[in-house]
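**Q**
In structure tokens:
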């Protein structure tokens, strides 16, 4: 295997050290918070309402998470958490100084595409999503389309950079998707996927204090498998990239704690924001999959969600997950 073909998997971080100092009033507030602060046709806007949440209309049922304002707030908060992980950056792939075309699929609120467009005013940035929930006032070099990334791509020119974030649970055929990405990149262009592991980690037996969360993880992964779009894919992204023909593949894995319990200052800050994010995320990930796939009633879901939130509020539960930043390059000598 050549160096270019090998996957660079950065050494896994060691255990996350717990800060033994008492929680400040500021830290306690994060545990007490319960929430984080194509041409559009009428059919695209005919959203589906279910169990008190709003879902997309275009390709109805393809994506099991809501698209309402609560979910948009959660996505924007998660964008902030991701930038904390990346020390303020939007991506890790070693792009050249002047990319000309970039694609952000599954763009959500469009916040990543908007910031990338501002940083690269000479780059034509396209964001696609099933839901037209992006702002109308955008930089002149940023455009949003209602599109299904799993359909055949119809772009009229290749890209220098393709970016996707937290697409696990949205994609049924990852090898096909990477084939389309490869086909639509310029030689020497880069792809980056940012995906977190669903399975939480603990270095001090937190799951004994959070049995509901431990069982919820298993049920959530089972539901996503039955749905046909698995949630636990972060560890396989690098392999799919290589199989599609990408080289210089790197899998950068970083811990993302829930709660301000870590001793490390950066991880403590990430943990503070992850509490309100996870408080909202457990409902977003639970309602549709558990009612549509596992046969739960909405009342049973709400009881489950309440128990999950109680465990998330427990400052003695020291959980974290791994967040993967995986990027690879289309060979420059590709015809």
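Residue numbers (UniProt numbering): 1 to 335.
We put the beta carbon where it would ideally sit given N, CA and C, even for glycine.
(1) So residue 174 is in the alpha helix (DSSP H); what residue range does that whole segment cover?
(2) Quick check on residue 98: buried or exposed, where buried means 16 or more other Cβ atoms within 10 Å of its Cβ?
(3) How would you call residue 303, buried or exposed, if buried means at least 16 neighbouring beta carbons within 10 angstroms?
(4) Across which residues does DSSP place residue 55 in a beta bridge pair?
(5) I need the boundaries of the beta strand (DSSP E) containing residue 253, first residue and last residue.
(6) List the endpoints of the continuous beta strand (DSSP E) containing residue 321.
(7) According to DSSP, simplified to helix, strand and coil, what is residue 305?
(8) I need the DSSP call for residue 17, collapsed to helix, strand or coil.
(9) To the nearest angstrom, how far is it from the Cα of residue 62 to the Cα of residue 285?
(10) So is residue 256 buried or exposed if we call it buried at 16+ other beta carbons inside 10 Å?
(11) To the nearest angstrom, how far is it from the Cα of residue 44 to the Cα of residue 147?
(12) Tell me where the alpha helix (DSSP H) around residue 127 begins and ends.
(13) Run through the stretch 192-225 for me and flag every whole alpha helix (DSSP H) of 4 or more residues, listed as ranges in chain order.
(14) Would residue 234 pass as a contact of residue 319 if the rule is Cβ separation under 8 Å?
(15) What are the uninterrupted segments assigned as beta strand (DSSP E) that are 3 or more residues long and contained completely in the stretch 84-143, given in chain order?
(16) Measuring CB to CB, does residue 64 end up less than 8 Å from residue 289?
(17) Mark residue 137 as exposed unless 16 or more other C-beta atoms lie within 10 angstroms of its C-beta, in which case mark it buried.
(18) Which word fits residue 249, buried or exposed, when buried means at least 16 other C-beta atoms lie within 10 angstroms of its C-beta?
(19) Could you compute how far the alpha carbon of residue 298 sits from the alpha carbon of residue 91?
(20) Give me the Cα-Cα distance between residue 152 and residue 15, rounded to the nearest whole angstrom.
(21) Using the three-state DSSP reduction, which class does residue 145 fall into: helix, strand or coil?
(22) Thinking just about the alpha-carbon of each residue, which of 312, 308, 161 and 251 is nearest to the one in residue 272?
(23) Helix, strand or coil for residue 315 per DSSP?
(24) What do you get for residue 182, buried or exposed, if any count of 16 or more other CB atoms within 10 angstroms of its CB means buried?
(25) Who are the Cβ neighbours of residue 274 in its own chain at under 8 Å, not counting the five residues just before and after it?
(26) Could you check how far apart the C-beta atoms of residue 238 and residue 251 are, in whole angstroms? I think they sit under 8 Å.
(27) Per DSSP, residue 165 is paired with what?
(28) Per DSSP, which residues does residue 406 bridge with? Please list them.
(29) Is residue 295 helix, strand or coil when you go by DSSP?
(30) In the DSSP assignment, find the unbroken alpha helix (DSSP H) run with residue 229 in it and report its ends.
(31) Pick from 114, 132 and 218: whose alpha carbon is nearest that of residue 163?
(32) Have a look at the DSSP bridge pairing and note the partners of residue 290.
(33) Quick one: what's residue 159 bridged to in DSSP?
(34) What distance in whole Å lies between the Cβ atoms of residue 254 and residue 323, which are believed to be in contact at a cut-off of 8 Å?
**A** The short version:
(1) 174-183
(2) exposed
(3) exposed
(4) 48
(5) 247-258
(6) 319-329
(7) helix
(8) coil
(9) 14 Å
(10) buried
(11) 10 Å
(12) From DSSP, residue 127 is part of no alpha helix (DSSP H) but of the beta strand (DSSP E) over 124-129.
(13) 206-209
(14) no
(15) 101-105 and 124-129
(16) yes
(17) exposed
(18) buried
(19) 38 Å
(20) 43 Å
(21) strand
(22) 312
(23) coil
(24) buried
(25) 81, 256, 257, 258 and 259
(26) 4 Å
(27) 194
(28) The structure shown has nothing for residue 406, since the chain only spans 1 to 335.
(29) coil
(30) First-last for residue 229: undefined, no H or E at that position.
(31) 114
(32) None, per the DSSP bridge assignment.
(33) 185
(34) 5 Å
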